[in-house]
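First up is the structure itself, then whatever we jot down about it.
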Amino acid sequence: MDRPVGRRPLLRDCLDWTERRPHLGGALGAALCRRFAELGWTAPGVGRSVRITPAGVAALRDTLGLSPAELTPPVRDTGGGRA
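Just so you know, the sequence shown maps onto residues 22 to 104 in my numbering.
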């Protein structure tokens with residue numbers, strides 16, 4: 022993977038403004054996102070989201086030791102419950 026050149030920082034943490042969840046930002050995050058899509062590890066989800074494909078689950082398990090549970094986003098609290 023070539024290092025992207027430009028004004029974008031190489032890596033930074035980023036809080037998604039719609040989901041309110043952190044993700045990798047910067048050139049490295051964008052390059053990983055592109056590469057995962059090229060490999061078929063991710064596919065478009067609903068809206069701007071990206072979902073991990075079955076091939077991606079297997080690849081991330083085999084290369085990084087991540088379990089499917091670690092790849093599943095937590096259920097969001099919508100604030101509609103009673104205390």
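Don't be surprised by glycine CBs; every beta carbon is placed ideally from N, CA and C. All values derive from a computational prediction rather than experimental measurement.
Val71 is bridged by DSSP to Pro65. In this structure Leu31 touches Ala48 by the C-beta definition: roughly 5 Å separates them, less than 8 Å. In the DSSP annotation of this structure, Arg41 is not part of any beta strand (DSSP E), being labelled neither H nor E. Taking a C-beta distance under 7 Å as the contact criterion, Leu92 and Ile73 qualify as a contact pair. Taking Arg82 as the centre and dropping the five residues before and after it, the same chain places the C-beta of Ser88, Pro89 closer than 8 Å to its C-beta, in chain order. Ranked by how close their Cα comes to the Cα of Val67, the residues Gly77, Thr39, Ala76, Asp34 have Thr39 in first place. Boundaries of the beta strand (DSSP E) around Leu36: 33–36.
Within the same chain, Cβ atoms closer than 8 Å to the Cβ of Gly61 are found at Thr74, Ala76, Gly77, the five residues on either side in sequence being excluded.
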